Structures are given as C-alpha cells and as structure tokens.
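Colleague: Per full-length UniProt numbering, the very first residue in the sequence shown carries number 1; after that it's consecutive.
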Amino acid sequence: MTAPRPTPETIRAERAAAPTARERDFADGLGITEADLLAAHLGPHDGTTITRIQADPARILAALAPYPSIMGLTRNDIAILEITGHYRDGDGRVGIDITPDHWVHGFAMTRTVSGGLRRSLQIFDAAGEAVHKAFALEGSEAPGWDEMVAGLALPEQSDLFTPAAPPAGGMAGRDAAGAARELAPGAFERLMRGAAEAAVPVRLRVTNRGCAAEYEGPIVKTATYGPYWNVLDPGLEMHLRTDRLARIAQMPDGAVLGLDAAGATVIELAGTDAAGWAALLDAEPA
1 MTAPRPTPET
11 IRAERAAAPT
21 ARERDFADGL
31 GITEADLLAA
41 HLGPHDGTTI
51 TRIQADPARI
61 LAALAPYPSI
71 MGLTRNDIAI
81 LEITGHYRDG
91 DGRVGIDITP
101 DHWVHGFAMT
111 RTVSGGLRRS
121 LQIFDAAGEA
131 VHKAFALEGS
141 EAPGWDEMVA
151 GLALPEQSDL
161 FTPAAPPAGG
171 MAGRDAAGAA
181 RELAPGAFER
191 LMRGAAEAAV
201 PVRLRVTNRG
211 CAAEYEGPIV
221 KTATYGPYWN
231 VLDPGLEMHL
241 RTDRLARIAQ
251 MPDGAVLGLD
261 AAGATVIELA
271 GTDAAGWAAL
281 LDAEPA
C-alpha cells in the first residue's frame with residue numbers, strides 16, 4: 001500500500017525542524033521532490049518568498065538575458081554542473097540544450113541570506129525533478145528582478161504539488177554503444193586531476209531529461225569533499241558522485257562517458273587539446 005503524500009502543512013513542519021538541511025537531501029529524506037518542497041512554502045515564509053512561475057523556456061531565457069552574471073545549475077542524481085555567465089549569445093554564455101516538454105513547473109525564490117538577497121528561478125519536470133536552476137549571484141543588484149518575476153507569475157498560486165509521469169523521450173546523454181574500452185573506477189578523478197596539472201582544457205557535459213549543460217575550457221582546482229569529487233574554479237563548479245557511476249566508457253574519439261545503473265550517460269568528459277588529452281588517456285588503466 002502506498003503511503004499518503006505529506007501535506008504542505010506537514011512538509012512545512014518537518015522543514016522547520018531541519019532548516020539547515022540541503023533542499024535535495026531534505027526532500028529525499030521525506031520521500032518528496034524538491035518541487036513539493038518549494039510549493040509547500042509558496043508565498044513569504046521566514047525570510048524566503050516563493051512564487052509559481054511559467055516554465056516556458058523561451059520566456060525564462062528571455063527574462064534572464066539582461067542579467068550579466070547568473071549561475072546556471074544543471075544536475076542529475078550523480079553529477080552537478082554550475083556555470084557562471086549569462087544567457088545571451090556570445091562569450092561567457094551559460095551553454096544549455098533544452099527539451100521544452102520537460103520544462104513543466106517553475107518557481108521563483110528570493111531568500112534573505114547574510115549580506116543580501118539570493119534570487120533564483122528553478123525549473124522542474126512533471127515528476128518534480130530539477131531540470132535547471134538559475135541564480136543571480138550574491139551581491140548582484142539584479143535590477144527589475146521582482147518585476148520580471150511578476151511578469152512570469154502564474155495566476156493560480158497553489159501550495160499543492162501533484163507529480164506526474166514525465167512524457168517519453170527527452171534529452172539523453174551520448175550512447176555508449178561502440179565504446180573503445182572500459183575504464184577502471186576512479187578514471188574521472190584521475191583524468192580531471194591530470195588535466196588540471198597539465199593544463200589540458202576539457203569539455204564537460206552533464207545531462208538530465210530536460211536539459212544538458214556544457215562547459216569548455218581549463219580546470220584548475222580539484223578536490224574531494226565528502227562523497228563528491230569536485231572542480232572548484234571561479235565561474236565553474238562540478239560535483240560528481242563517482243561512487244554512483246556504474247560504468248566508465250572511453251569512446252573511439254576519446255570522450256569518456258560516465259553511466260548510471262540504468263545505462264544512461266549522465267556525464268561526458270573530453271579534452272579539447274588532442275595531444276594532451278591522448279597522453280592522459282594513454283596513462284589510464286582499463
């Protein structure tokens with residue numbers, strides 16, 4: 001028998017008892033989605049204001065275009081990619097590919113934090129899983145943000161969230177069929193550390209069913225914190241649960257794919273300096 005879903009009142013009470021837990025971790029622990037959590041806190045609550053907004057990607061990206069410094073976050077259950085830039089064409093753009101059918105639920109959040117306000121737009125799929133989030137960086141004036149949110153706001157502001165099965169299809173990571181070889185566990189850590197030490201620029205791509213984000217350029221600082229392998233550079237952060245990778249495959253063109261237990265590619269890593277990247281791959285044990 002399926003347990004009843006927590007009511008918004010229950011979610012708010014549980015959250016009040018664990019205010020410092022990360023949203024994703026809290027939601028997982030309560031058996032709900034992040035979209036459930038945001039919906040339950042609709043309106044002003046304890047220094048945070050949440051508004052339901054249209055999730056139309058064209059309107060979202062157009063609304064974000066005037067802001068020069070936004071951190072775009074794309075994640076799945078294994079990898080998180082955070083890129084700082086803007087949503088206009090040209091250098092410094094936050095590069096994302098979109099499957100519009102999976103941009104279903106939208107929320108705007110303004111939270112009071114030390115030193116000011118933290119503003120974000122957060123998009124979820126039909127099931128309530130995060131597709132893409134855009135954060136105005138702390139310290140940014142974000143002129144017109146409240147007016148922008150008001151223009152995107154839905155007429156009905158309900159604190160109930162009803163998940164549904166996502167439509168078939170969507171963004172998919174690269175198919176690993178035809179892989180040149182399988183790589184040993186730890187390959188992502190070794191390759192990224194090696195790329196940082198040898199100054200080999202890379203291409204990183206993280207995919208979920210509604211969005212794929214891509215970074216191309218150098219990486220400098222790598223580190224392990226808790227269960228995550230991390231890249232921690234100005235304008236770029238990547239957090240990878242390497243313990244959740246079921247398979248690591250090297251493709252004939254040198255790209256390295258990380259696959260989950262269902263066989264889906266959740267992260268792709270490649271070098272953009274052919275000779276430097278080939279040297280790193282040659283050192284990799286199979």
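Backbone N, C-alpha and C define an ideal beta-carbon position, used for all residues, glycine too.
Please read all numbers here as calculations on a predicted model, not as lab measurements.
Quick one, which of P218, I98, E214, T7 has its alpha-carbon nearest A199's?
Modeller: As a working mapping, residue 199 is identified with position 199 in the sequence shown. The option with the nearest alpha carbon to A199 is P218.
Colleague: From M1 to G92, what does the alpha carbon distance come to, in whole angstroms?
Modeller: Position 1 of the sequence shown holds residue 1. Position 92 of the sequence shown holds residue 92. Here M1 scores only 49 on pLDDT, less than 50, and its place in the model should not be relied on; the value that follows carries that caveat. Within the model, the alpha-carbon separation for M1 versus G92 is close to 50 Å.
Colleague: When the distance is taken between beta carbons, is V94 closer than 9 Å to I78?
Modeller: To locate residue 78, count along the sequence shown from 1; it is residue 78. To locate residue 94, count along the sequence shown from 1; it is residue 94. Contact: no.
Colleague: Could you give the distance in angstroms between the alpha-carbon of A3 and the alpha-carbon of T162?
Modeller: Numbered from 1 along the sequence shown, position 3 holds the residue referred to as residue 3. Numbered from 1 along the sequence shown, position 162 holds the residue referred to as residue 162. Rounded to whole angstroms, A3 to T162 spans 15 Å at the Cα level.
Colleague: What is the C-beta distance between A27 and T20, in whole angstroms, given that I count them as a contact (C-beta under 8 Å)?
Modeller: In the sequence shown, the residue the question calls residue 27 occupies position 27. In the sequence shown, the residue the question calls residue 20 occupies position 20. Contact doesn't hold; Cβ gap of about 14 Å is too wide.
Colleague: Where G106 and A58 are concerned, what is the direct C-alpha to C-alpha distance, given to the nearest angstrom?
Modeller: Sequence index remark: in the sequence shown, residue 106 carries index 106 (1-based). Sequence index remark: in the sequence shown, residue 58 carries index 58 (1-based). So the two alpha carbons sit approximately 13 Å from each other.
Colleague: Which of the three DSSP states, helix, strand or coil, is assigned to A16?
Modeller: As a first step, residue 16 must be located in the sequence shown, where it is residue number 16. In this structure, A16 counts as helix in the three-state DSSP scheme.
Colleague: Hey, E216 and L204: beta-carbon distance below 9 Å or not?
Modeller: To locate residue 216, count along the sequence shown from 1; it is residue 216. To locate residue 204, count along the sequence shown from 1; it is residue 204. In this structure, L204 lies closer than 9 Å to E216 by Cβ.
Colleague: Using only CA atoms, which one of A136, D125, E237, A130 lies nearest to T110?
Modeller: As a working note, residue 110 is residue 110 in the sequence shown. Closest by alpha carbon: A136.
Colleague: Short of 8 Å in beta carbon distance, which residues of its chain neighbour I248, apart from the five on each side in sequence? Order them along the chain.
Modeller: Position 248 of the sequence shown holds residue 248. Answer for I248: E182, L183, A184, P185, A187, F188, V256, L257, G258, L259, listed in chain order.
Colleague: Looking at the unbroken alpha helix (DSSP H) that takes in M148, where does it start and where does it end?
Modeller: Looking up residue 148 in the sequence shown gives position 148. Unbroken alpha helix (DSSP H) run through M148: 145-152.
Colleague: Hey, could you find the ends of the beta strand (DSSP E) residue 291 is sitting in?
Modeller: Residue coverage of the chain in this structure runs from 1 to 286, which leaves residue 291 outside it and unanswerable.
Colleague: Which of the three DSSP states, helix, strand or coil, is assigned to M1?
Modeller: Reading the sequence shown from its first residue, position 1 is the one you call residue 1. In this prediction, M1 has a pLDDT of 49, which is less than 50 and means its spatial position is unreliable; nothing more can be read from the coordinates.
Colleague: Quick one, are the C-beta atoms of H41 and I11 less than 9 Å apart?
Modeller: Indexing the sequence shown from 1 puts residue 41 at position 41. Indexing the sequence shown from 1 puts residue 11 at position 11. Cβ distance < 9 Å, so H41 and I11 count as in contact.
Colleague: Do you know offhand how far T265's Cα is from G90's?
Modeller: The count along the sequence shown starts at 1 and reaches residue 265 at position 265. The count along the sequence shown starts at 1 and reaches residue 90 at position 90. Near 28 Å, if we compare the C-alpha coordinates of G90 and T265.
Colleague: Could you check which residue in W103, R22, L37 has the C-alpha nearest to that of L61?
Modeller: Locating residue 61 in the sequence shown gives position 61, where the first residue counts as 1. Checked all of W103, R22, L37; the closest Cα to L61 is W103.
Colleague: Look up M109 in the DSSP assignment and say whether it is helix, strand or coil.
Modeller: Here the question's residue 109 lines up with position 109 in the sequence shown. Note: M109 maps to strand in three-state DSSP.
Colleague: Take D125 and list the residues in its own chain whose beta-carbon comes closer than 7 Å to its own, dropping the five residues that flank it on each side.
Modeller: Locating residue 125 in the sequence shown gives position 125, where the first residue counts as 1. The residues are H102, V104, V131, P166, R209, G210.
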